[in-house]
Structure formats: C-alpha cells, structure tokens
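Worksheet: one structure, shown below.
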Amino acid sequence: MKKFLLASLFASALALPAYAADYTIIAPANPGGGWDQTARSLQTVLQQEGISGKVQVQNVPGAGGTIGLAQFASQQKGKGDALIVGGYVMVGAILTNKSPVTLKDVTPIARLTGEYEAIVVPASSPFQNIGDLVEALKKDPGAVSWGGGSAGGTDHIAVGLIAKAAGVDPKKINYIAYSGGGEALAAILGSQVSAGISGYGEFESQVKSGTLRLLAISSAERLEGIDAPTLKESGLDVVVENWRMLAAAPGISAEQKAAINADIEKLAKSKTWQDTLKTKGWADTYLAGDAFDAQLDKDIEATEGVLKDIGLVQ
Numbered sequence: 001m002k003k004f005l006l007a008s009l010f011a012s013a014l015a016l017p018a019y020a021a022d023y024t025i026i027a028p029a030n031p032g033g034g035w036d037q038t039a040r041s042l043q044t045v046l047q048q049e050g051i052s053g054k055v056q057v058q059n060v061p062g063a064g065g066t067i068g069l070a071q072f073a074s075q076q077k078g079k080g081d082a083l084i085v086g087g088y089v090m091v092g093a094i095l096t097n098k099s100p101v102t103l104k105d106v107t108p109i110a111r112l113t114g115e116y117e118a119i120v121v122p123a124s125s126p127f128q129n130i131g132d133l134v135e136a137l138k139k140d141p142g143a144v145s146w147g148g149g150s151a152g153g154t155d156h157i158a159v160g161l162i163a164k165a166a167g168v169d170p171k172k173i174n175y176i177a178y179s180g181g182g183e184a185l186a187a188i189l190g191s192q193v194s195a196g197i198s199g200y201g202e203f204e205s206q207v208k209s210g211t212l213r214l215l216a217i218s219s220a221e222r223l224e225g226i227d228a229p230t231l232k233e234s235g236l237d238v239v240v241e242n243w244r245m246l247a248a249a250p251g252i253s254a255e256q257k258a259a260i261n262a263d264i265e266k267l268a269k270s271k272t273w274q275d276t277l278k279t280k281g282w283a284d285t286y287l288a289g290d291a292f293d294a295q296l297d298k299d300i301e302a303t304e305g306v307l308k309d310i311g312l313v314q
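Anchor point for the sequence shown: position 28 equals 28 in UniProt numbering, and the numbering is continuous, going up by one each time.
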C-alpha cells in the first residue's frame with residue numbers, strides 16, 4: 001500500500017506543469033525605455049506561456065547599461081535564474097565608456113528583436129521635415145541639439161551617421177544623452193532639445209496623438225503603417241537597426257545554459273511573443289547558439305569601426 005501511494009504521488013508530480021527557474025531579469029536602464037519594455041514583455045510572456053512560474057524585473061540604470069552589466073557579472077555568477085537585457089546600445093557604451101566589464105564576462109543567449117530609429121520633433125517645432133532639420137544642422141551643428149539614449153549607443157551612432165552623410169563633422173554634433181526613454185521623451189516633448197531620436201516604438205503613441213512630428217525612419221525601405229520617409233529617400237545614406245539581446249550569468253553550467261536556451265526558444269516561438277512583437281512594432285530577429293555568438297562578434301567589431309569613424313572612440 002505504501003509503495004502504491006508513493007508511486008501515485010510520483011505520478012502526480014510528473015503530471016504537474018514543469019516550470020523552469022523563477023527568473024530575475026535585469027533591465028540596465030530606467031523605466032520607460034526599450035530595455036525596460038523588453039524586460040517587462042519577456043516577464044509577461046514567460047508567465048503567460050507557463051514557461052516560468054514567476055519572473056521579476058529589476059532596473060539598474062546608468063552608463064549605457066554598463067553599470068547594470070558590471071553588477072550582474074559580479075553578483076550573479078553561476079546562477080541559472082538570472083538574465084540581463086542588452087544589445088547594440090550596450091555594445092557601443094562598452095566601447096565609449098572603456099568598460100572593464102564586457103559581454104565576454106556574461107553568457108550571451110539570444111538576439112530577440114530589432115527596431116529602426118525614428119527622428120522626431122515636438123509638434124510646435126519649426127522643423128516640418130527632415131530636410132529642414134538637416135539644413136539647420138549644416139548651418140550650425142552645435143545649435144541643433146539631439147535628445148536620445150546613452151552616449152555611444154544606437155541613437156548617438158545614428159546621429160553621427162546622419163551628420164556624416166550630410167557633410168557635417170560628427171564631432172561637432174550636440175548630442176544629449178538620457179539614461180531612460182522616459183527622461184528623453186519628457187525632454188523632447190518639453191522642447192528642451194531640437195529633435196529626438198530613438199526606436200519608433202518609444203514615440204508611437206505621441207506621434208499618433210499629434211504631440212510629436214515624425215520626420216524620418218532609419219530603415220532601408222518605408223515601413224508599413226508608419227507615415228514617414230526613410231533617411232535614404234531623404235538623401236542621407238544611413239540605415240540603422242537597433243537590436244536587443246538576452247544574456248545569462250557568467251559561470252553557469254552547460255545544463256543551466258541549455259535549460260535557459262530551451263525556455264527562450266519556447267518564448268520566441270510562442271504566439272504571445274509574436275503578438276507582442278507586432279504590438280510593439282519590433283522585428284523578430286531571434287538568433288541563438290553558435291550562430292548568435294558568431295554574429296555578436298561581427299557586430300562588436302563593426303560597431304567599433306563605426307564609433308571610430310564618427311569620432312566617439314579613438
């Protein structure tokens with residue numbers, strides 16, 4: 001009888017949902033920006049899809065994500081339930097800040113999303129189109145202030161490339177970095193800067209409500225549902241896509257890494273995640289395993305080249 005009861009309990013345990021770790025996801029920026037939105041979207045989908053029973057998000061802002069990255073690398077070693085959001089912005093910030101902690105000090109898991117840059121101005125701005133803004137930039141680069149994310153990140157790189165394409169010395173641009181999307185948006189709406197630049201998703205509701213004017217998008221071709229010219233068709237040979245990734249703690253075992261990879265693959269292929277991508281206006285750029293590791297190395301090398309080209313890295 002005792003054996004029968006034990007067998008029954010064992011069978012019942014097997015029948016229960018097998019949740020993975022109760023993850024903690026670090027968003028290395030203030031609330032409101034792309035990393036925070038990504039982390040909270042991951043939190044929602046992991047829980048709704050039953051991949052993880054409980055997911056917490058913690059914000060650790062500063063220095064283009066490098067403060068959060070350094071804290072994550074030093075405090076989470078060997079933990080299979082810790083994740084951090086990163087991406088193109090962090091790659092640039094590591095280089096420009098000469099961060100002693102890099103993505104080699106954590107365990108890259110997967111690239112998840114891609115998003116093009118949007119250039120916006122307040123509705124009251126005298127700049128009616130991207131041509132007006134570029135003309136002012138050519139006339140006096142320092143008089144045109146740009147509000148965006150962290151120094152050396154995607155937004156900063158995009159402004160440097162716009163200046164270079166317009167024949168302006170990128171070293172003369174007046175770029176004001178904000179540590180979170182919420183701070184940048186407030187500055188743009190308050191006309192504290194001439195123009196704002198970030199992923200389209202961070203401006204979408206204000207563009208649709210008419211409080212911000214969308215001047216251009218950094219895609220190669222016009223995007224469906226977005227009423228704005230590309231930088232290329234506006235005469236500026238610039239295409240920039242911000243991508244975001246997820247990394248695990250350093251020092252985890254092969255088994256821990258495999259479990260995390262399996263969970264993130266389930267997430268990436270789920271309908272809930274695909275619906276989230278559409279809602280947010282994010283492209284599905286999911287890439288994992290050795291292919292992602294190889295692509296990440298290429299992206300780091302290419303980013304260093306661009307930053308040197310526009311004078312942000314010596």
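Yeah, the Cβ is synthetic: ideal placement off N, Cα and C, and Gly gets one too. From a predicted model like this one, the values you see are computed outputs, not experimental measurements.
Asked	Found
Smallest Cα separation from residue 140: which of 239, 114, 89, 170?	170
Pop quiz: residue 285 and residue 114 are said to be a contact at Cβ under 8 Å. What is the actual Cβ separation, rounded to whole angstroms?	4 Å
With distances taken Cα to Cα, identify the nearest neighbour of residue 182 among 150, 241, 156.	150
Which same chain residues end up closer than 6 Å to residue 82 when comparing Cβ atoms and leaving out the 5 residues on each side of it in sequence?	24, 76, 249
Across which residues does DSSP place residue 284 in a beta bridge pair?	113
Quick one: residues in its chain with C-beta nearer than 6 Å to the C-beta of residue 79, no 5 flanking neighbours on either side, listed in chain order?	249
Less than 8 Å between the CB atoms is what I'm expecting for residue 93 and residue 59, so what's the real figure, rounded?	That pair is no contact at about 16 Å.
Along the chain, where does the alpha helix (DSSP H) containing residue 40 start, and where does it finish?	34-48
What runs of the beta strand (DSSP E), each 3 residues or longer, lie entirely inside the segment 170-207?	174-177, 195-199
Could you tell me the distance, in whole angstroms, from the CA atom of residue 175 to the CA atom of residue 155?	9 Å
Quick check: the segment 45-62 against the segment 267-276, are at least 3 beta-carbon pairs closer than 8 Å?	yes
Is the CB-CB distance between residue 122 and residue 191 below 7 Å?	yes
Along the chain, where does the beta strand (DSSP E) containing residue 215 start, and where does it finish?	212-217
Please name the residue or residues paired with residue 25 in a DSSP beta bridge.	57, 83
I'd like the ranges of any beta strand (DSSP E) spanning at least 3 consecutive residues and lying wholly in the segment 101-160.	107-122, 145-148
Nearest CA to the CA of residue 302: which residue from 283, 240, 253, 68?	240
How should residue 74 be labelled, buried or exposed, when 16 other C-beta atoms within 10 angstroms of its C-beta is the threshold for buried?	exposed
With 16 as the cutoff for other CB atoms within 10 Å, does residue 279 come out buried or exposed?	exposed
Just grab the DSSP bridge partners of residue 242 for me.	115
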